[in-house]
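Under full-length UniProt numbering, think of the first position of the sequence shown as 1, with each following residue one higher.
C-beta atoms are modelled at their ideal positions from N, C-alpha and C, and glycine is treated no differently.
The model shown is predicted, which means the values in this text are computed figures rather than measured ones.
Worksheet: the structure to be examined is printed underneath.
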Amino acid sequence: MLNKIALLSTLLLFIFGANVFAHSHLEESTPKNGEIITQSLKDITLTFETALEPTSSFTLIDGNHTAIPLSTVSITGNQLIANVEDDLTNGAYTIHWKIIGEDGHPLEGDIPFTMNLPENAAPPEQTGSELSTTDATTAETTAVADTETVLKDQAIEVNEASLDEPGIMNYVLPAIIGLIIVLGFGSYWLIFRRKQV
Numbered sequence: 001m002l003n004k005i006a007l008l009s010t011l012l013l014f015i016f017g018a019n020v021f022a023h024s025h026l027e028e029s030t031p032k033n034g035e036i037i038t039q040s041l042k043d044i045t046l047t048f049e050t051a052l053e054p055t056s057s058f059t060l061i062d063g064n065h066t067a068i069p070l071s072t073v074s075i076t077g078n079q080l081i082a083n084v085e086d087d088l089t090n091g092a093y094t095i096h097w098k099i100i101g102e103d104g105h106p107l108e109g110d111i112p113f114t115m116n117l118p119e120n121a122a123p124p125e126q127t128g129s130e131l132s133t134t135d136a137t138t139a140e141t142t143a144v145a146d147t148e149t150v151l152k153d154q155a156i157e158v159n160e161a162s163l164d165e166p167g168i169m170n171y172v173l174p175a176i177i178g179l180i181i182v183l184g185f186g187s188y189w190l191i192f193r194r195k196q197v
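This is the structure in structure tokens:
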């Protein structure tokens with residue numbers, strides 16, 4: 001009796017064990033389960049132990065349970081592949097996959113991962129020659145600006161001086177009038193004197 005029970009147990013274990021091992025489990029994934037990604041993620045690849053049926057697929061979900069757009073999931077042998085259409089921001093994500101293996105049994109599972117992209121890098125530091133060139137350019141610009149300021153100030157001073165000082169005509173015109181008057185009186189005096197003589 002014990003021999004029959006042992007034989008039956010061995011047979012059942014072999015049958016169900018073979019059935020379990022025939023299932024297509026996840027073998028590898030990109031990104032990996034629990035991975036922290038520090039660079040842009042462009043594509044997702046899931047590799048299983050056996051070939052997959054055409055109805056196998058997966059979705060990408062963010063921390064708010066919102067589906068992220070993916071290109072059409074393609075099946076190549078034992079792989080599911082899809083491209084990520086938009087750049088992923090920092091946060092938690094989950095790949096939820098559903099497959100049907102060669103044995104016809106449906107399986108599904110989740111692959112959580114985290115995006116942790118670094119902040120925008122600071123601008124590269126300038127080299128010594130670049131700094132020298134920049135300093136020289138700045139000095140030249142400052143010198144030109146100072147020169148223009150001085151010239152403007154001088155022009156303003158000249159204009160103000162021109163407005164304050166009397167013009168040349170203010171001297172010449174009275175001198176001409178005075179000369180005419182003197183000549184007129186002189187001529188009149190000479191004529192008057194000749195008449196007296």
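Beta-carbon spacing of residue i, residue j below 8 Å
i           : j    : result
T94         : I61  : yes
F58         : H96  : yes
residue 204 : L80  : For residue 204 there is no data in the structure shown, the boundaries of the chain being 1 and 197.
N83         : K42  : yes
I75         : P106 : no
T66         : N116 : no
G91         : G63  : yes
T50         : S71  : no
Assigned exposure category for residue i - 16 Cβ within 10 Å defines buried
i    : result
G184 : exposed
I177 : exposed
N78  : buried
A122 : For A122, the predicted structure reports a pLDDT of 41, less than 50, and the residue's modelled location is therefore unreliable. The matter cannot be settled from this model.
L46  : buried
I180 : exposed
N113 : Note on residue identity: the sequence assigns Phe, not Asn, to residue 113. So F113 counts as buried.
I44  : buried
T149 : exposed
E119 : exposed
F192 : exposed
Contact belief for residue i with residue j at Cβ below 8 Å, rounded distance in angstroms
i   : j    : result
L52 : G104 : Actually they do not touch by this definition, with Cβ atoms about 11 Å apart.
P69 : D86  : 6 Å
I99 : S29  : Between S29 and I99 the Cβ distance is about 12 Å, and since that is not below 8 Å, they are no contact.
Where the beta strand (DSSP E) through residue i begins and ends
i   : result
S29 : L26 to T30
Any beta strand (DSSP E) of 3 or more consecutive residues that is wholly inside the stretch 34-121: Taking only runs of at least 3 residues, the beta strand (DSSP E) segments lying wholly in the stretch 34-121 are 43-48, 57-62, 74-76, 79-83, 91-100 and 106-115.
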